[in-house]
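Asker: The structure that follows is given in the form of structure tokens.
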């Protein structure tokens, strides 16, 4: 088990905690000021998620094999789901790629 | 590291009947429970298919006893067109979920995966018990649909929306029956997730000393890969069922478009899309096909190697092929939807990986055939069923080439061609794998041999019978016979009725032939000759247990130590031409 | 699923026993089986939430009149909820740290603080729900536009809330059992993983459900 990681200094944890909250605030303010951009929001959420998985959930301190077993498969499944978008637009206006 | 607790046998052997056979924690009993459940489901499903076949060719013939079960659906025992669809839905759901997922994966996997890796039990025995009983609850919920309201749903095992989503306006069974279906599948998803979590943890954490990942038998790998697929596939079906239930119960419209006229009035729904259901369902549904077939592939390879007395040309490549299939299975679900109104561009994109799946499938077939060539195959019921599996896998798989291409699929979609295709490659092939596994492992599971003569009769009658049923399906499909029609009167399909009659006779005959199997199972369980500890002279760990069936902790308090790759055949040793995985000393170079 | 989650640990047989070393192959990940199972459950659940969010996006794309609902008060409320949930991720880490140094009282205290944060989050969320319901939003209709807005909002946040509630129950059970010595430190660690995952899902729910539908 990853004893070293959690019994070590909590400094990085505090930093990550601050960073996640900061990103959350930036996200809200940016959305209010500039309008919600899907890509910007997803990027920021992905950064938050990365920080949470790696530092809060200590995946960074586990063996690389665990990261390899968990992350690519999940991302692959989620990426494949994007194949549904073409149909969602198409139904609204009945032509491919229309938005 | 000290709390890397990886030991299962904390619980002692139970003595009471309830703890031993009903709420058992023993993976072997749970495996048998899954097997029994699958047996009940397969018999039920087969009887349903009989009724459907009889109705197809003799639409006015009363079925004895059916009138009492379904007063509305089959007045006087004569099946109505709606009840035909209801029977078909139950046939499909029972077969896909409770037979093809349960028998090769959950039943044999539960029984033999821990033994093959030298474990005393699954990693989480209570979890294991829960997953069986959750499956059982799902089964009961599904079966109860026969007895409530106006019967089971009629939307097919795929539960296509909006038919499945709009409620009882959509026809008999679409009220309470369809809701029960949705709940049953939801519960089944939970059970499967519990099961696959357990399988993965067991395979990774409970391997005995020397049992490295590369020393695991092919079939262990197959169960492992299957559980990885199931873990992520059922996770997608679960929210789909949730949304379907919401649509039905709370009036949301995830899967129902605006202005839908059903039952002579406009449905009070708008904003949803039936395509969304198909996407979510088939995102699970295609991996599900491989959940059914991969364990059978593993079982067949394992048994063939033992009976060929030599390793496959490359059993590693077989494992890589299974991984490739598992990977590709998530990229191809749209090939079920070429004619659903899906974006034509997506059809092109889905067609490509679908055709790519034929590459690992072909490599596997070539490895089987190439290994069989020139081998001195021991002919017995188990190895015969393995050959039957390969035959079915190829015959059914070849039609997949046609269906994978959108332009050809336009003609063949929703015809009997498709029905023939998936019954052969997914249904019968997987069942052949289950039969092979049963004949092969029965001595280990009961301590007695199955009757060989009956086994061979069973094989040849089944092989001939299933070909006689499902090969003509392809011709019917090419002739334009659409599936799910309940009768063929006054239309262009009338000339095909003789073919249908032939198929019905073949189905009745093949179903009756399965009685041989049941009789063999029951007879051999009690009267079969005693089996030696390793009757097939097989090398893997399940044949190293001190008794058959294995004791409660599988290895009688011992921890087996593995010294060899799984398939050391055709070598000189003190035992004959094979070296057990557990026997110390040098083996052949792997 | 949350009931089943609870069972992972309480039902797993190898609490005290740990005599695997020497007769077993080492686990490739060098983590306890129960932790591996929690990780696997998390990726599976990630796919479940992924499918829900994809379904929402699909419906939203195809709707011609998708409403822009959330006032800035709702947005600030969601930010407050984010703050609470992320903070409980921190407190549960304190609990893990305390548990790893065998500080049973401290671990119990921090677990309870975390559970309290979860309850607070749920209450704020219910307030948000009630305010929307008060304005006429239902699962099947709403006064602003496509009826699917309510369906998507309530089903996705509802599923998330169910996970929060399940997590709260689990944390209380695990905290109590840890204090009484029935559970080991890794049980706290494992349920902390789950709690972080609930937090992680919320990080996607906020932008996709709240920010994307804010009033402009």
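Residue numbers (the working numbering), protein chains in the order written: chain A, 1 to 99; chain B, 1001 to 1590; chain C, 2001 to 2216. Every residue, glycine too, gets a C-beta built ideally from N, C-alpha and C.
1. Do the CB positions of residue 1167 of chain B and residue 1154 of chain B come within less than 8 Å of each other?
2. Leaving out five residues before and five after residue 1391 of chain B in sequence, what residues of the same chain have Cβ atoms less than 8 Å from its Cβ?
3. Taking its Cβ as the centre, do 16 or more other Cβ atoms sit within 10 Å of residue 1491 of chain B, making it buried, or is it exposed?
4. Check whether the region 1512-1522 of chain B touches the region 1476-1492 of chain B, counting contact only when three or more Cβ pairs, one atom from each stretch, lie closer than 8 Å.
5. Would a check of beta-carbon distances place residue 1004 of chain B closer than 8 Å to chain C?
6. For residue 1167 of chain B, which of helix, strand or coil comes out of DSSP?
7. Following the continuous beta strand (DSSP E) through residue 2103 of chain C, name the residue where it begins and the one where it ends.
8. Just the Cα atoms here: how many angstroms apart are residue 46 of chain A and residue 1256 of chain B?
9. Thinking C-alpha only, which one of B/1292, B/1116, B/1311 is nearest residue 1567 of chain B?
10. Buried or exposed for residue 1217 of chain B, going by 16 or more other Cβ atoms inside 10 Å?
11. If we define contact as Cβ-Cβ less than 8 Å, is residue 71 of chain A a contact residue for chain B?
12. Report the residue from C/2030, C/2150, C/2164 whose alpha carbon sits nearest the alpha carbon of residue 2136 of chain C.
13. Helix or strand or just coil, what does DSSP make of residue 2212 of chain C?
14. Tell me where the alpha helix (DSSP H) around residue 1278 of chain B begins and ends.
15. So, for residue 1184 of chain B: in the same chain, excluding its five sequence neighbours on each side, which residues have a beta-carbon less than 6 Å away from its beta-carbon?
16. Please tell me whether residue 1503 of chain B and residue 1469 of chain B are closer than 8 Å, where the distance is taken between their beta carbons.
17. Among B/1038, B/1368, B/1472, whose alpha-carbon lies nearest the alpha-carbon of residue 1136 of chain B?
18. Skipping 5 residues on each side, what residues in its chain have a beta carbon closer than 8 Å to that of residue 2075 of chain C?
19. Note down, in chain order, each residue of its chain lying with its Cβ closer than 6 Å to the Cβ of residue 1196 of chain B, except the 5 sequence neighbours on either side.
20. Going by beta-carbon coordinates alone, are residue 1104 of chain B and residue 1433 of chain B separated by less than 8 Å?
21. Cutting at 7 Å between CB atoms, please list the residues of its own chain near residue 1019 of chain B, excluding the five before and the five after it.
22. Are any of the Cβ atoms in chain C nearer than 8 Å to that of residue 1590 of chain B?
23. Helix, strand or coil for residue 1577 of chain B, going by three-state DSSP, please let me know.
24. Going along chain C in order, which residues have a C-beta closer than 7 Å to the C-beta of residue 1394 of chain B?
25. Measure the alpha-carbon distance for residue 1213 of chain B versus residue 2185 of chain C and round it to whole angstroms.
26. Are the beta-carbon atoms of residue 1243 of chain B and residue 1254 of chain B separated by less than 8 Å?
27. Does the separation of the CB atoms of residue 1239 of chain B and residue 2157 of chain C fall below 8 Å?
28. Please identify the residue among A/65, A/31, A/12, A/37 whose C-alpha is closest to the C-alpha of residue 2072 of chain C.
29. Please state whether the Cβ-Cβ distance between residue 1116 of chain B and residue 1542 of chain B is less than 8 Å.
30. Among B/1442, B/1576, B/1484, whose alpha-carbon lies nearest the alpha-carbon of residue 1525 of chain B?
31. Does DSSP put residue 1415 of chain B in a helix, in a strand, or in coil?
32. In chain order, what residues of the same chain have a beta carbon less than 7 Å from the beta carbon of residue 1313 of chain B, not counting five sequence neighbours either side?
33. Looking only at its chain, what residues have a beta carbon closer than 6 Å to the beta carbon of residue 1321 of chain B, apart from the 5 residues adjacent to it on each side?
34. Can you find a CB in chain B that lies within less than 8 Å of the CB of residue 20 of chain A?
35. Please tell me whether, using a cut-off of 7 Å, the distance from the CB of residue 2184 of chain C to the nearest non-hydrogen atom of the ligand PLP is below it.
36. Keeping to the same chain, check which residues put their C-beta closer than 7 Å to that of residue 1084 of chain B; ignore five residues upstream and five downstream.
Answerer: Checking against the coordinates, here is how it stands:
1. no
2. If we look at residue 1391 of chain B and ignore the five residues flanking it on each side, its Cβ neighbours are 1463.
3. Classification for residue 1491 of chain B: exposed.
4. no
5. For residue 1004 of chain B, the predicted structure reports a pLDDT of 36, less than 50, and the residue's modelled location is therefore unreliable. The matter cannot be settled from this model.
6. coil
7. From DSSP, residue 2103 of chain C is part of no beta strand (DSSP E); its letter is neither H nor E.
8. 32 Å
9. Among B/1292, B/1116, B/1311, the Cα nearest to that of residue 1567 of chain B is on B/1311.
10. buried
11. no
12. Nearest option by C-alpha distance: C/2150.
13. helix
14. Here the alpha helix (DSSP H) through residue 1278 of chain B covers 1274-1308.
15. 1138, 1141, 1142
16. yes
17. B/1038
18. Excluding sequence neighbours, residue 2075 of chain C sits near 2210, 2211, 2214.
19. 1227, 1230, 1231
20. yes
21. Once the five neighbours on either side are set aside, residue 1019 of chain B has no close Cβ partner at all.
22. With a pLDDT of 43 at residue 1590 of chain B, under the threshold of 50, the modelled position of this residue cannot be trusted, and the question is left open.
23. strand
24. None at all; the shortest Cβ gap to chain C is about 33 Å.
25. 30 Å
26. yes
27. Between residue 1239 of chain B and residue 2157 of chain C, the gap from beta carbon to beta carbon reaches 8 Å or more.
28. A/31
29. yes
30. B/1442
31. strand
32. Within the same chain, Cβ atoms closer than 7 Å to the Cβ of residue 1313 of chain B are found at 1367, 1370, 1371, the five residues on either side in sequence being excluded.
33. 1360, 1363, 1364
34. no
35. Absence of the ligand PLP from the depicted structure is noted, as is the absence of any ligand whatsoever, leaving it without description.
36. 1052, 1055, 1486
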